[in-house]
Each structure stands twice: as structure tokens, then as C-alpha cells.
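**Q** Numbering (full-length UniProt numbering), first residue to last: 1 to 416.
C-beta atoms are modelled at their ideal positions from N, C-alpha and C, and glycine is treated no differently.
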Amino acid sequence: MTTALENAHLLFVESNRSGFGRSLIEYAVDAGCEVTFASHLPEYFLDRDETPETSFLARCKNIIRIDTHNNLHLLYDNLARYCADAGVHAVIATSDAEIVQAAHIAARAGLFGTAPGAVEAANLKHLTRGALAAAGVPQPAFRVVPTVEEAVTAAAEIGFPCVVKAVDASDSISVTLASCADDVRRAHAEHFRTGMYSREVRKLGVMLVEEFVAGPLYSLEVLADRGVYRVLGVTDRLLSAPPVFVELGAGFPVTGGPAPALTAAGLAALRAIGYDNGPAHIEMVLAADGPRIIEINPRIIGNSIPDVIARCMDIDIRRTLLELYLGRGLPGEFVVGRAGYTRSIAAGAAGVLREVTVGDLPDDVEVHLKDRLGAPVRPPQTNQDRLGRVVAYAPTVEQARVRAEEALGGILLEVD
Numbered sequence: 001m002t003t004a005l006e007n008a009h010l011l012f013v014e015s016n017r018s019g020f021g022r023s024l025i026e027y028a029v030d031a032g033c034e035v036t037f038a039s040h041l042p043e044y045f046l047d048r049d050e051t052p053e054t055s056f057l058a059r060c061k062n063i064i065r066i067d068t069h070n071n072l073h074l075l076y077d078n079l080a081r082y083c084a085d086a087g088v089h090a091v092i093a094t095s096d097a098e099i100v101q102a103a104h105i106a107a108r109a110g111l112f113g114t115a116p117g118a119v120e121a122a123n124l125k126h127l128t129r130g131a132l133a134a135a136g137v138p139q140p141a142f143r144v145v146p147t148v149e150e151a152v153t154a155a156a157e158i159g160f161p162c163v164v165k166a167v168d169a170s171d172s173i174s175v176t177l178a179s180c181a182d183d184v185r186r187a188h189a190e191h192f193r194t195g196m197y198s199r200e201v202r203k204l205g206v207m208l209v210e211e212f213v214a215g216p217l218y219s220l221e222v223l224a225d226r227g228v229y230r231v232l233g234v235t236d237r238l239l240s241a242p243p244v245f246v247e248l249g250a251g252f253p254v255t256g257g258p259a260p261a262l263t264a265a266g267l268a269a270l271r272a273i274g275y276d277n278g279p280a281h282i283e284m285v286l287a288a289d290g291p292r293i294i295e296i297n298p299r300i301i302g303n304s305i306p307d308v309i310a311r312c313m314d315i316d317i318r319r320t321l322l323e324l325y326l327g328r329g330l331p332g333e334f335v336v337g338r339a340g341y342t343r344s345i346a347a348g349a350a351g352v353l354r355e356v357t358v359g360d361l362p363d364d365v366e367v368h369l370k371d372r373l374g375a376p377v378r379p380p381q382t383n384q385d386r387l388g389r390v391v392a393y394a395p396t397v398e399q400a401r402v403r404a405e406e407a408l409g410g411i412l413l414e415v416d
């Protein structure tokens, strides 16, 4: 595998406001890549105290201000032409809202990337359900529902409790456990209270009603290269209490026990949608009768977990991903040397966050806080409500979890 990244020209289509996506852009610049950033509103990605001149935007060689969500054929044509004219080597998106666009741009430009149809089948949850059903991959019973009354009917047929979810959202937005018909109506009404997500992303006009599958949540982390799957490992997940499904913790790696069955199910899901190139993150519930696929994400796992994986395996995950996006293949087999656990910091009550106090931390325990002082906070309803994270490392996942929980207990939030 070629290891030099210097002089590679990368086109990033939007990003995440914080976390892994933005850090990948900064890493690419530090590695000597030429970075072009395409966004409908580059200023959206500034932190509270940043200006364009002091942010990562100033480190990008080129900024293209372009509508990334409407008139997609024009977007694809314009950016594919830019790729040819400017000598772009790879098109990258790390945010769910632009992953499909990046795949289409790369395909039109003749660049290495994930097959657009596979990305769409993963990114849009109703398409995922259809592809898995056609391939016979175990998943929850489901209905695609255009109207609220169809949602109520579907819920009655599937049985309560059930899950009502958006087909095109991320960050646990618009995912609700419904215990009765009124819950279904409320979930539907709340989702369609506006026609847009953030960044002017239009909502599709359908939702999913799904069987609620009881059991622990896991995810499989995979890197795909020309249809060959390299498994990073299995992650266990901690969710908030119903009716919402906010991700509050994750441990890596899960070994033994259910790991082989979870791995087999996750890879079957990728094959069902024809996933060929790039990172993938497959979420599953381990039900009494085996794993059921909850969703497929055509990207690396979110939050700080890529860095946990990297430290557990002693790999440079950002370089590995950039090499993969460039079509340069994958390194040799990964070896796990330790375990890690990340635990989210969240407010216990609604109000304004006035102060955060962190107690003494032992070795191999880290605390990362978002810049939220003086801002309104609430108990988590979506992943965006999380205020930071504790990350702990130890020889086993359980030991790392205990250390993370102990450190979390020493963090005091003053909210009024």
C-alpha cells in the first residue's frame, strides 16, 4: 500500500461540525494534502469563538460555496467537472447528509469510491429494509408509512411497543419508542413539524414503523476495499432509557460470546446492499433468536469511538481511512492490544450550563468537553445533546467501562 499522502488532492463535501469529520480534514492538511471544501454555508462549521480566518476553513486551499442538497444533478456535474479540472484524487463525506452526494460525484468523476446505489441503500433506512428483506437478512418487521394514519395502522399490525423513525435522519433524531397509537401520532407530528433538518436538508415524506426488538445493541466496524471486508471489531453500545434512543456509551472490542454471530450478520448486511468500498458501521440488536440488523451506516462509527479503536489497535485510523478513500487498499491484519470504553456526559435537567467540574483522573482516563458553557442544555433527546465524553482504557472492556463510569461520577454539572 502506498503510504505517502503528500500532494493528494481531496474534495470534502460538507463535514460534521465537530468530532471526527472536522479532525479528518485537519489531519489531511497536516499530512500535506491539498484540501477543497465544498459547502452550501461554510460558516456553519465555525465554533462560537472562531472566524473563517482562525478556523479549519483557512487551512483549506479551496472553498467552493455550492448548494449540496438541491438540484443534485447540477451539483454532481459541477463538482465532477471540478474534480477533472483540478486533479482531485478522492471525494469524501463524513456526515450522513452528504455521503450519497459524495459517492455520486466520485462516480461521475471516475474516481475510486463506494457504489452510489450501495450508499443510498445504507443511508436511507427504508431502502435498507427493502434490500435486507430481499436478501433474507434478519431484521425487525417493518412498514414504510407515508401518512400518520398508515403509521397507526402499521403499528397496530406490528404490535406495541414499536419504533417510529425517520428514514433519512441521523444522531438518533426522530427515533421514538411508541407504546400506543397516540405515541405514534405524536412522533409523526413532531418529526414533520418542520420540513427541514439542520443545514437546510429537506426531509423525505415517509417514515418507518418497526418492530421493537428487545436485547443489547452492538455494532460491527468494517473497512471495505473492492468487495473485500476487513473487520475492525465489534462494539457494544449503551442507550438511554426509552422512549428515545440516545447513544450514551460504547466499548471496544467485544470478543468471544456473540462476536462471531454479530460479525456474520453484519457482513451479510453489507453483501445484501452491494457495499464495495469504504468504511461501514452496522448496528444490530442481539435478540433471543440471534442478531437483527437495525441500520447500516456507510461511514466510520461516530463520536470519539474511531479514536478508541485506533488506540486499542495502535493504528493511525485517519491515515488508514484517507488511504482507503484514495483507493490505495488496506494495511495488514489489525491486532488488538487493549480495550476502551467511552461514556457520554449529559445534563440531568434542563437549563443553562454554568460550570463543569472534573475530578482527579487516573492514568488512561480522558475527559473531552464540548464548548457549551452558558448555553441551554437538557437531558439527552438526541445525540446532539451530549456535552462531552469520558474515555477509559484497560485490559478488558468491562474494566474500561468501570473506570469510565467512576470518572463520570466525579464530573459535576452546574445547571440552572
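1) Per DSSP, Tyr-197 forms a beta bridge with which residues?
2) Rounded to the nearest angstrom, what separates Asp-289 and Glu-333 at their Cα positions?
3) Taking the straight line between their C-alpha atoms, what separation do you get for Leu-267 and Pro-260?
4) Hey, out of Leu-5, Ser-15, Phe-20 and Leu-11, whose CA is closest to Ile-309's CA?
5) Where Ile-411 and Arg-328 are concerned, what is the direct C-alpha to C-alpha distance, given to the nearest angstrom?
6) Taking DSSP as the reference, what is the three-state secondary structure of His-104?
7) Which one or two residues does DSSP pair with His-40 in a beta bridge?
8) To which residues of the same chain is Leu-57 closer than 6 Å at the C-beta, ignoring the five residues directly before and after it?
9) With Leu-232 as the anchor, note down where its beta strand (DSSP E) starts and where it stops.
10) If you reduce the DSSP assignment to three classes, tell me which class His-126 lands in.
11) With DSSP as the reference, label Pro-376 as helix, strand or coil.
12) Quick check: the Cα distance between Leu-10 and Leu-369, rounded to an integer number of angstroms?
13) Tell me the residue span of the alpha helix (DSSP H) that contains Ile-158.
14) In chain order, what residues of the same chain lie with their CB nearer than 8 Å to the CB of Met-1, ignoring the 5 residues before and after it?
15) May I ask which residues mark the beginning and end of the beta strand (DSSP E) holding Ala-339?
16) Quick test of your reading: Ala-90 and Pro-298, contact by CB under 8 Å. State the CB separation rounded to the nearest angstrom.
17) Quick one: Cα of Lys-203 to Cα of Tyr-341, how far?
18) Looking only at C-alpha atoms, which of Tyr-275, Asp-183, Pro-161 and Ser-198 sits nearest to Leu-223?
19) CA-CA distance, Gln-139 and Leu-413?
20) For Thr-36, which residues in the same chain have their Cβ closer than 8 Å to its Cβ, ignoring the five residues on either side in sequence?
21) Since Ala-107 and Glu-211 should fall inside the 8 Å C-beta cutoff, what is the C-beta to C-beta distance between them, to a whole number of angstroms?
22) Would you be able to state if there are at least three C-beta pairs under 8 Å between the stretch 390-410 and the stretch 356-374?
23) So, are the CB atoms of Ser-240 and Val-246 less than 8 Å apart?
24) Alpha carbon to alpha carbon, how far is Ala-404 from Ala-154?
25) Quick check for students: name the residue ranges of the beta strand (DSSP E) that lie wholly in the stretch 54-110, counting only runs of 3 or more.
26) Just the Cα atoms here: how many angstroms apart are Ser-179 and Ser-172?
27) Within its chain, find whatever has a CB closer than 8 Å to the CB of Asp-385; leave out the 5 residues flanking it on each side and keep chain order.
28) Decide if Val-352 is buried, meaning its Cβ has at least 16 other Cβ atoms within 10 Å, or exposed.
29) Going by alpha carbons, who is nearest to Arg-319 out of Ile-25, His-281 and Ser-15?
30) Keeping to the same chain, check which residues put their C-beta closer than 7 Å to that of Glu-221; ignore five residues upstream and five downstream.
31) So, is Asp-30 buried or exposed, given that buried needs 16 or more other C-beta atoms within 10 angstroms?
32) Any idea what DSSP makes of Val-213, helix, strand or coil?
33) Do the CB positions of Ala-214 and Ala-287 come within less than 8 Å of each other?
**A** On the basis of the coordinates in this document:
1) Answer is none; Tyr-197 lacks a bridge partner.
2) 31 Å
3) The alpha-carbon separation between Leu-267 and Pro-260 amounts to approximately 11 Å.
4) Phe-20
5) Each residue's alpha carbon lies about 43 Å from the other.
6) helix
7) DSSP output for His-40 lists no bridge partner at all.
8) Pro-42
9) 228-239
10) helix
11) Pro-376 sits in a strand when the DSSP states are folded into three classes.
12) 29 Å
13) 148-158
14) Note on Met-1: pLDDT 44, under 50, position unreliable in the model; the coordinate value appears next. Within the same chain, Met-1 has close Cβ partners Glu-323, Arg-328, Gly-329, Leu-330 and Pro-331.
15) 339-345
16) Contact flag wrong, Cβ pair sits at about 15 Å.
17) 34 Å
18) Tyr-275
19) 39 Å
20) His-9, Leu-10, Leu-11, Phe-12, Cys-60, Lys-61, Asn-62, Ile-63, Ile-64, Tyr-82, Ala-86 and Val-88
21) Not a contact, Cβ separation roughly 35 Å.
22) yes
23) Yes, the pair counts as a contact, with Cβ atoms nearer than the cut-off.
24) 41 Å
25) 62-65 and 90-92
26) 18 Å
27) Excluding sequence neighbours, Asp-385 sits near Val-246, Ala-346, Ala-347, Val-377, Arg-378 and Pro-379.
28) Label assigned to Val-352: exposed.
29) Ile-25
30) Leu-232, Gly-233, Thr-235, His-281, Ile-301 and Ile-309
31) exposed
32) coil
33) yes
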